[in-house]
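Report on the following structure.
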């Protein structure tokens with residue numbers, strides 16, 4: 001077993017060197033598909049050999065015909081197993097996110113551009129597990145491989161495998177797709193510390209937020225990313241430049257989530273606490289900034305900002321002061 | 322995936338396949354083995370229906386040990402087809418008892434495949450092969466459903482898929498079957514094989530025990546005459562000669578006593594070829610009296626039977642026979658003793674009658690004539706449903722029942738002869754046979770089985786006497802039966818009052834002959850003939866392997882092409898197909914059509930990058946657009962477009978660095 005494992009590891013490394021990195025989405029090429037009989041397939045081979053010996057020994061032409069038919073069935077099954085992967089298009093989300101201690105998913109998309117239904121396509125990530133999908137002709141399928149996030153940090157996967165044993169499970173065909181996948185594992189969101197008072201703006205942040213939407217402050221040029229509900233459609237309709245309405249609410253004093261406010265507790269616990277604050281601040285739709293010893297994210301709000309903050313926490317290396 | 326539990330539905334199908342694969346073995350395997358397999362299936366299915374798992378381990382082990390022990394007791398070996406099949410049937414049944422996972426079901430499926438093969442080693446009919454290929458089809462579809470882990474394909478899809486796999490496997494099987502080298506001799510002999518079904522006569526005959534002679538249509542053998550065939554009343558096919566009589570039963574008796582007496586042939590020579598199915602016995606049937614035959618290991622016994630050293634293989638023999646022959650020489654003492662011996666005290670009335678009659682007719686020929694006259698003039702009937710006879714069977718027959726078939730008359734006649742001191746023996750075999758014009762050969766069926774006698778006349782040798790002929794001339798005069806008039810009277814209903822049924826039977830027989838000659842007896846010589854047909858000079862086994870490799874490469878290349886081709890969606894209408902071909906041709910030259918491009922834009926782009934192709938492509942694309950969107954075009958236009966696309970051969974660009 002260990003021998004087989006080390007051989008597999010060496011082979012995977014060799015394919016990585018041989019083919020370099022694949023651009024996603026990747027369409028499986030026939031030269032990249034490997035195929036070997038499975039254990040069940042070896043049993044079938046033994047059966048067929050026994051059939052042939054029996055038929056030859058009894059000089060039975062009908063027996064031989066049947067045994068040869070089985071040889072034919074096995075060879076056709078081999079071609080079909082190989083074909084089951086051939087030309088399949090695989091895409092993967094290069095980045096995944098999750099909290100430590102939760103189940104994170106690496107997301108894959110399969111596209112079957114052919115005229116055949118493809119059964120039992122297995123996406124396998126080493127040390128993680130697999131997902132099995134059947135994809136009808138011309139259809140797409142989503143699949144997720146679960147990553148049990150046990151440690152904060154970045155989980156890197158340099159290649160994954162597509163496998164199939166269809167039909168009959170007599171052969172296993174597989175291919176390695178060389179594509180770097182990342183999973184950001186955020187700190188575990190635990191911690192009961194409250195935000196230091198200095199960080200909180202005067203008055204209720206939530207009410208400031210609501211007020212902000214009401215006080216019109218002028219027009220600004222449109223930039224991609226600004227919500228469409230802020231568009232000044234009338235200006236546009238008059239033939240002017242695309243412009244958006246600007247509100248005074250945006251100038252509400254932001255809060256800073258600061259590493260230095262949490263002096264006296266262990267670094268991982270500090271990160272966990274910061275993580276809780278980010279999640280809470282985002283849930284309350286407040287503006288917030290994140291300050292780490294050597295890194296600062298200016299106050300902002302929204303999904304992208306939240307993602308940037310959490311990833312910064314995930315990537316933070318505790319060695320730095 | 323392997324740990325997935327087996328569902329009731331899958332289990333049912335696997336059980337069904339197993340039952341179908343075992344069906345040809347009914348009647349061949351001991352009943353308890355089939356019953357055990359059936360019971361195992363029933364128990365497992367019931368448990369599955371109740372939602373329970375397999376039986377407890379201890380029970381399974383106990384059942385297995387008992388079954389294997391019983392099997393050993395019955396067969397004394399696991400070797401040979403019957404024992405092997407029985408073992409497989411038991412293992413499959415017991416494996417079902419413990420099926421928990423898909424893998425167990427896969428194992429049962431493999432056993433089903435092997436059982437099919439075992440049935441084919443025993444049987445040899447076309448229908449059996451067709452049936453077992455059907456079983457193989459069903460098993461393959463079941464296997465597909467069992468092994469697919471995600472939503473498994475439904476039944477029509479599975480069956481269609483399995484059918485396609487089998488169809489694609491056929492060319493591979495054909496190439497291998499045609500060119501895979503055959504061995505002249507088996508790899509090893511398996512002892513205790515009862516390879517063939519019992520066909521033909523036995524080595525004993527006891528007419529008194531038979532109360533109903535069932536005429537079977539089963540074919541005993543075929544004969545083809547290269548000379549003119551003898552008249553039907555002389556077409557005696559000689560089989561076992563019986564010497565020993567114990568009052569009820571005639572047996573083959575003692576060992577071979579000396580050499581066969583020399584034969585002085587008279588009359589025309591008949592040249593013919595006999596094709597025998599594999600049989601359990603070791604003699605062959607030849608036309609009386611055989612003079613020459615081409616069996617290197619055949620032995621002629623002193624009573625003119627041709628014996629073989631081995632059994633169980635189909636045999637073709639060419640032989641020469643004379644229907645009239647005389648014998649030169651004397652009857653050996655041992656034979657004279659064995660052929661005049663009667664059990665002491667049995668059949669006293671017969672013995673008494675024979676002595677009295679012999680006293681009246683001292684000449685042997687007169688005595689024979691007197692006995693035959695008794696059969697002819699007194700109330701003797703020919704029947705296939707004779708009354709049973711008592712311990713002194715000949716007494717009962719001659720003086721009480723007077724009803725019987727050929728065996729009764731031959732037996733009674735021989736006893737009368739022996740009681741009068743004339744050496745006599747019973748010969749069993751076949752009489753007649755029917756001609757099949759479609760295959761140009763004669764078919765001899767079990768219903769043609771016959772028994773007659775031979776008596777030793779001093780100075781003349783063995784003389785054939787057929788006492789049945791004295792009673793029922795129709796039984797001997799085959800021309801009556803061939804006209805199919807007397808058929809009903811003799812119970813040959815199946816021979817048919819309807820001529821077309823008889824005709825159909827002859828045609829089937831011709832097909833059977835083709836099957837036998839071309840398929841069942843395909844061997845080394847046939848392979849060399851095939852090579853010769855392929856214009857290969859001096860065919861030998863080395864060239865055979867080269868041809869096999871070549872044929873397999875061709876077939877596999879075809880298979881790869883076929884299998885990959887199914888990935889591409891083939892447009893149904895010819896116009897789209899032609900257009901797709903045009904795009905494929907251009908794509909092969911590095912100019913693939915982008916999915917968003919219409920025909921016109923595509924042509925324009927090609928004109929820009931490869932001006933020399935522009936004109937042709939533009940013309941073709943315009944044609945396509947007109948045919949596709951224009952009004953009123955005929956199918957001829959589409960065909961013309963297809964031809965134009967086929968003729969279009971874009972060349973590689975010379976200047977481009979891409980090539």
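Residue numbers (our numbering), protein chains in the order written: chain A, 1 to 321; chain B, 322 to 980.
Even for Gly, the Cβ is constructed at its ideal location relative to N, Cα and C.
Any beta-carbon of chain B closer than 8 Å to the one on residue i?
{"i": "residue 133(A)", "result": "yes"}
{"i": "residue 63(A)", "result": "yes"}
{"i": "residue 68(A)", "result": "yes"}
{"i": "residue 40(A)", "result": "yes"}
{"i": "residue 212(A)", "result": "Confidence in residue 212(A) is poor, its pLDDT being 44 and thus under 50, which makes the residue's placement unreliable; the coordinate value appears in the next sentence. Chain B, which has no Cβ nearer than 8 Å to the Cβ of residue 212(A), makes this no."}
Just how far apart, CA to CA, sit residue i and residue j?
{"i": "residue 915(B)", "j": "residue 929(B)", "result": "15 Å"}
{"i": "residue 167(A)", "j": "residue 593(B)", "result": "54 Å"}
{"i": "residue 40(A)", "j": "residue 432(B)", "result": "13 Å"}
{"i": "residue 549(B)", "j": "residue 642(B)", "result": "12 Å"}
{"i": "residue 895(B)", "j": "residue 448(B)", "result": "41 Å"}
{"i": "residue 939(B)", "j": "residue 889(B)", "result": "26 Å"}
{"i": "residue 60(A)", "j": "residue 736(B)", "result": "45 Å"}
{"i": "residue 918(B)", "j": "residue 83(A)", "result": "29 Å"}
{"i": "residue 2(A)", "j": "residue 859(B)", "result": "54 Å"}
{"i": "residue 316(A)", "j": "residue 48(A)", "result": "60 Å"}
{"i": "residue 856(B)", "j": "residue 866(B)", "result": "15 Å"}
{"i": "residue 195(A)", "j": "residue 303(A)", "result": "21 Å"}
{"i": "residue 264(A)", "j": "residue 256(A)", "result": "19 Å"}
{"i": "residue 341(B)", "j": "residue 50(A)", "result": "21 Å"}
{"i": "residue 612(B)", "j": "residue 640(B)", "result": "7 Å"}
{"i": "residue 562(B)", "j": "residue 673(B)", "result": "26 Å"}
{"i": "residue 130(A)", "j": "residue 73(A)", "result": "29 Å"}
{"i": "residue 149(A)", "j": "residue 96(A)", "result": "11 Å"}
{"i": "residue 55(A)", "j": "residue 114(A)", "result": "40 Å"}
{"i": "residue 361(B)", "j": "residue 467(B)", "result": "20 Å"}
{"i": "residue 64(A)", "j": "residue 498(B)", "result": "7 Å"}
Cβ closer than 7 Å: which chain A residues qualify as neighbours of residue i?
{"i": "residue 884(B)", "result": "79, 80, 83"}
{"i": "residue 469(B)", "result": "119, 120, 166"}
{"i": "residue 460(B)", "result": "Here the premise fails: no neighbours, minimum Cβ distance about 10 Å."}
{"i": "residue 437(B)", "result": "66"}
{"i": "residue 334(B)", "result": "Near residue 334(B) there are no residues of chain A at all, since even the closest Cβ is about 15 Å away, more than 7 Å."}
Give every residue of the same chain whose Cβ lies closer than 7 Å to the Cβ of residue i, excluding the five residues on either side of it in the sequence, and list them in chain order.
{"i": "residue 322(A)", "result": "The structure shown has nothing for residue 322(A), since chain A only spans 1 to 321."}
{"i": "residue 306(A)", "result": "278, 282"}
{"i": "residue 332(A)", "result": "Nothing about residue 332(A) can be reported from this structure: the residues present for chain A run from 1 to 321 only."}
{"i": "residue 85(A)", "result": "28, 33, 162, 164, 173, 175"}
Hey, does residue i have any beta-carbon neighbour from chain A nearer than 8 Å?
{"i": "residue 412(B)", "result": "no"}
{"i": "residue 833(B)", "result": "no"}
{"i": "residue 489(B)", "result": "yes"}
{"i": "residue 887(B)", "result": "yes"}
{"i": "residue 434(B)", "result": "yes"}
{"i": "residue 343(B)", "result": "no"}
With a Cβ-Cβ cutoff of 8 Å, do residue i and residue j count as a contact?
{"i": "residue 222(A)", "j": "residue 237(A)", "result": "no"}
{"i": "residue 89(A)", "j": "residue 25(A)", "result": "yes"}
{"i": "residue 184(A)", "j": "residue 140(A)", "result": "no"}
{"i": "residue 758(B)", "j": "residue 651(B)", "result": "no"}
{"i": "residue 358(B)", "j": "residue 413(B)", "result": "yes"}
For a contact meaning CB atoms closer than 8 Å, what does residue i contact in chain B?
{"i": "residue 60(A)", "result": "441, 442, 445"}
{"i": "residue 76(A)", "result": "486, 489, 490, 493, 880, 884"}
{"i": "residue 54(A)", "result": "438, 439, 442"}
Taking Cβ-Cβ distances shorter than 7 Å, what residues in chain B pair up with residue i?
{"i": "residue 108(A)", "result": "Near residue 108(A) there are no residues of chain B at all, since even the closest Cβ is about 15 Å away, more than 7 Å."}
{"i": "residue 43(A)", "result": "431"}
{"i": "residue 87(A)", "result": "888"}
{"i": "residue 264(A)", "result": "Those within 7 Å of residue 264(A) in chain B number zero; the least Cβ separation is about 51 Å."}
If I measure Cβ to Cβ from residue i and keep anything under 8 Å in the same chain, skipping five residues before and after, which residues do I get?
{"i": "residue 647(B)", "result": "584, 585, 587, 781, 782"}
{"i": "residue 492(B)", "result": "876, 879, 880"}
Taking Cβ-Cβ distances shorter than 9 Å, what residues in chain A pair up with residue i?
{"i": "residue 763(B)", "result": "Under the 9 Å cutoff, chain A gives no residues; its nearest Cβ is about 25 Å from residue 763(B)."}
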